[in-house]
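Shown next, in structure tokens, is the structure this report addresses.
2 protein chains.
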Amino acid sequence: MDERQALAAFAALGQEHRLRVVRALVTAGPDGLPAGALAEAVGVGATNLSFHLKELARAGLVLSRREGRSIRYRADFSGLSELIRFLMRDCCQGRPEVCAPAIAALSPCCPPAEDTARA
Amino acid sequence: MDERQALAAFAALGQEHRLRVVRALVTAGPDGLPAGALAEAVGVGATNLSFHLKELARAGLVLSRREGRSIRYRADFSGLSELIRFLMRDCCQGRPEVCAPAIAALSPCCPPAEDTARA
DNA sequence: TCTACACTTCAACGATCATTGAAATGTAGG
DNA sequence: CCTACATTTCAATGATCGTTGAAGTGTAGA
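Here the protein sequences come in this chain order: A and B. For what it's worth, the numbering used here labels the leading residue of the first sequence as 2, then goes sequentially. For what it's worth, the numbering used here labels the leading residue of the second sequence as 2, then goes sequentially.
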């Protein structure tokens, strides 16, 4: 992920409704949610949601796929992963003062990590 | 870090000049840089830089301290750390698909992490 | 105290963003 | 083909953001 893409991703997450959309989609898991359900979950109009979803897609944070007459959105886990990597490595230069506490706070659910990697 | 603060931090990093400022400050290390040097490093006018620095401070990403007639800015490592934690845990729910690759990409410089933690 | 310096605050502007209702697109079923 | 439905695109609006020059604040030294 280059700086340009990271900028787009940060800007995308720096908006209340969009951050909620991402969180809702992560919570929903790999299957994601149809746009209608998302609109209700986030509490935003259909037109407005569509605008934000396009922004999130441009930023590489969500994926979509038509399914019957609705369109199902899901979080782009690899995009989120790359963003975290950018923040830790390219931006913070892997400084232990920054990265170690963040990783430690995660240890209960996400131990050492070995073959799970598939960047 | 609550959602409100995370939003401010993401929005702050979603701007080219501000992202560059943060990267320059991280690179500069714990001593940081005086505003003048930052302005030159980032290639932005003094007035404009001051605006962005205030935004970054509000977002909890930089700290400042007067030093003679200049003001020295430095990255707020704990703020950056909390943002990464938020992104991994609160936003992505610690999903291994997301977190493991990001952590793995860091392993050369930032191994397992134990007593280093000081959230 | 006077001047120079480093930076910030203020006021103004154009540009981009978020939101809305109305119209268009695409899909499914009768 | 026609209607109903889910979502997007379009056009328009007010709000916020990024940038600039001019003026202000605070610090250091002669």
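All C-beta atoms, glycine included, are put in the ideal place defined by N, C-alpha and C. Remember, it's a predicted structure, so these values are computed and weren't measured experimentally.
By the neighbour-count criterion, in which a residue is buried when 16 or more other Cβ atoms sit within 10 angstroms of its Cβ, A47(A) is exposed.
At a cut-off of 8 Å between C-beta atoms, F11(B) counts as an interface residue with respect to chain A. In the three-state reduction of the DSSP assignment, L84(A) falls in the helix class.
With a 10 Å radius around the Cβ and a threshold of 16 neighbouring Cβ atoms, G61(A) comes out buried.
About 10 Å separates the beta carbon of A10(A) from that of E56(A), a gap too long to meet the 8 Å contact definition. With a cutoff of 8 Å on beta-carbon distance, R96(B) and F78(A) are scored as near each other. Taking the Cα positions, G15(A) is about 10 Å away from Q16(B).
Interface criterion not met: the Cβ of V63(B) is under 8 Å from no Cβ in chain A.
When beta bridges are read from the DSSP output, V63(A) appears opposite A76(A). As the crow flies, the alpha-carbon of G80(A) is around 11 Å from that of R59(A). Closest by C-alpha distance to E98(B), out of C92(A), F87(A) and S82(A), is S82(A).
Among the residues facing chain B, L26(A) is not included, as its CB has no counterpart in that chain under 8 Å away. Less than 8 Å separates the beta-carbon of A36(B) from that of I72(B). Residues of the same chain with a CB within less than 7 Å of the CB of V45(A), apart from the 5 flanking positions on each side, are H18 in chain order.
According to the DSSP assignment, C100(B) belongs to the alpha helix (DSSP H) that extends over P97 to A105.
For G37(A), the enclosing alpha helix (DSSP H) stretches over residues A36 to V43. Chain A has no Cβ within less than 8 Å of the Cβ of I72(B). Rounded to the nearest angstrom, the Cβ distance from R75(B) to L64(B) is 6 Å, consistent with a contact under 8 Å. Listed by position along chain A, the residues whose Cβ is nearer than 9 Å to that of Q94(B) are R24, V27, T28 and C110. Beta-bridge partners of E68(A) (DSSP): S71(A).
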